[in-house]
Every structure is written in C-alpha cells, then in structure tokens.
Amino acid sequence: MDDPDPGPVFDPRQGIEPCGLDPSEESDLTVDILMTHPDWRRLGAIEDEIRRLVHAVFTLLPYDVSKPLEIGIVLSSDAEVRRLNKIYRRKDTPTNVLSFPIADLDRNCLEQNCLLGEVILALETILQEADEAGIPPRDHLSHLIVHGILHLFGLDHQTETEAARMEATESNILLNLGVPDPYAAERMNAN
C-alpha cells in the first residue's frame with residue numbers, strides 16, 4: 002500500500018525560498034537554551050552558535066513563520082533523554098534528539114511569543130554517533146537541531162515517503178548552511 006502524499010520533497014540540490022525572516026534584522030524568533038548537563042562545555046561555548054544556527058534555519062524553512070515564535074533547545078544527557086523517551090515513546094533507551102511540538106500554535110500563543118516547542122539533545126549519544134560516522138560533533142549537532150526543528154513543524158519519518166521528504170529538507174537546509182549532507186554516503190551506497 003502506498004503512503005499518502007505528504008507534500009513536496011525538497012530537492013537538496015535546489016535552493017529553497019526563504020520564509021521571510023531576515024537573519025540580519027531583529028527577528029520575531031526567541032531561542033531559549035537550557036544546558037542541563039555540564040559536559041556540553043566540552044564543545045566550547047556553543048549557545049550563541051546554536052542561536053545563530055536556529056535563526057538561520059528559520060530563514061530557510063519552506064514554511065510561513067511570520068508570527069513571533071519561541072523555541073527551546075535543551076542540551077541534556079543520555080540519562081535524561083532516556084527517561085523522557087521511556088515516558089513519552091515507551092522506549093527505554095537514549096536517542097540523539099527528542100522533539101516536543103506544541104500541537105496548535107494559535108491556541109498556544111502566550112502574551113508575546115508562540116511556543117513552537119522544545120528540542121532536547123543527548124550529548125553522549127551525539128558524540129558517539131559523530132565519532133562512529135567520522136564527522137565533526139558540531140556538524141552532527143547542527144543536523145540534529147535541524148531534524149528536531151522539522152519535527153516541531155510536523156515533519157516525520159514513519160514511512161518511506163515521509164522519511165524521503167524529511168531527509169531531503171534536512172539536507173537542503175544543511176547544505177545552505179555550509180554543513181555537509183548527512184545522507185550523502187547513504188544515498189551513494191544505495192545506488
């Protein structure tokens with residue numbers, strides 16, 4: 002049985018139209034970063050870099066994000082992500098990233114900003130995956146932040162069609178940000 006069409010697949014070789022946020026101007030995007038695990042400092046002072054990344058991602062999203070938005074990025078540990086994964090996904094294992102979207106932005110607007118959701122990252126898993134893949138940890142972190150943000154906008158990878166759309170969108174955004182395509186080797190091996 003074919004998957005229902007989830008919408009356009011964004012070709013990573015093509016540029017995408019910006020959504021309207023201008024990274025050089027004061028934007029209506031608030032990025033809250035919470036570091037709950039001190040070992041994140043091994044990657045240096047990354048908070049400003051993450052904020053710049055998130056703002057840049059929002060300029061490249063193929064969605065209209067014209068209302069003021071707030072997003073939370075939580076720099077956590079495997080233990081905490083495992084706990085959350087067990088509670089919310091019934092999987093008793095850590096994972097690299099969890100996303101907790103707010104289902105209805107219009108109903109969840111607070112005084113100034115609409116909370117889009119939170120992206121929670123597991124340090125140890127991210128470092129291990131980067132090491133195993135032979136890629137810089139910051140590139141892998143960038144990929145997972147993009148991945149998490151796309152989940153907040155409703156993209157998923159439960160079916161092959163959804164996965165193809167999400168991976169192409171991730172690749173396109175990352176390439177526009179100067180981060181190598183995380184799926185390039187996988188695509189080459191498939192051919």
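Going from the sequence shown to the numbering used here is simple: count from 1 and add 1. Quick reminder that beta carbons are idealized off the backbone N, C-alpha and C, glycines included.
One question on the structure: do residue i and residue j come within less than 7 angstroms of each other, judged by their Cβ atoms?
i: Leu35; j: Val75; result: yes
i: Leu30; j: Ser100; result: no
i: Ile72; j: Leu145; result: no
i: Ala46; j: Leu178; result: no
i: Pro215; j: Leu128; result: Absent from the structure is residue 215, since the part of the chain shown begins at 2 and ends at 192.
i: His38; j: Leu156; result: no
i: Cys115; j: Leu70; result: yes
i: Val98; j: Asp140; result: no
I need the straight-line Cα distance from residue i to residue j, nearest angstrom please.
i: Ala186; j: Leu122; result: 24 angstroms
i: His158; j: Gly149; result: 12 angstroms
i: Arg53; j: Asn86; result: 28 angstroms
i: Arg42; j: Pro102; result: 27 angstroms
i: Val120; j: Thr162; result: 23 angstroms
i: Glu133; j: Thr126; result: 10 angstroms
i: Ile51; j: Ser143; result: 8 angstroms
i: Asp40; j: Pro95; result: 17 angstroms
i: Glu81; j: Lys68; result: 32 angstroms
i: Arg83; j: Arg90; result: 10 angstroms
Under the criterion of a Cβ to heavy atom distance below 6 angstroms, does residue i qualify as lining the ligand MG?
i: Ala164; result: The ligand content of the structure shown is nil, which means the ligand MG is not present either.
Note down, in chain order, each residue of its chain lying with its Cβ closer than 7 angstroms to the Cβ of residue i, except the 5 sequence neighbours on either side.
i: Tyr184; result: Glu168, Ser172
List the DSSP bridge partners of residue i.
i: Ile72; result: Val32, Gly118
i: Pro102; result: Gly118
i: Ser193; result: Look at the range of the chain in this structure, 2 to 192, and you will see that residue 193 is not part of it.
Short of 8 angstroms in beta carbon distance, which residues of its chain neighbour residue i, apart from the five on each side in sequence? Order them along the chain.
i: Asp23; result: Note on Asp23: pLDDT 42, under 50, position unreliable in the model; no value is reported.
i: Lys92; result: Asn86
Discussion item. List, from N- to C-terminal side, the alpha helix (DSSP H) runs of 4 residues or more that fit wholly inside the segment 117-178.
Written reply: 124-134, 138-153, 161-177
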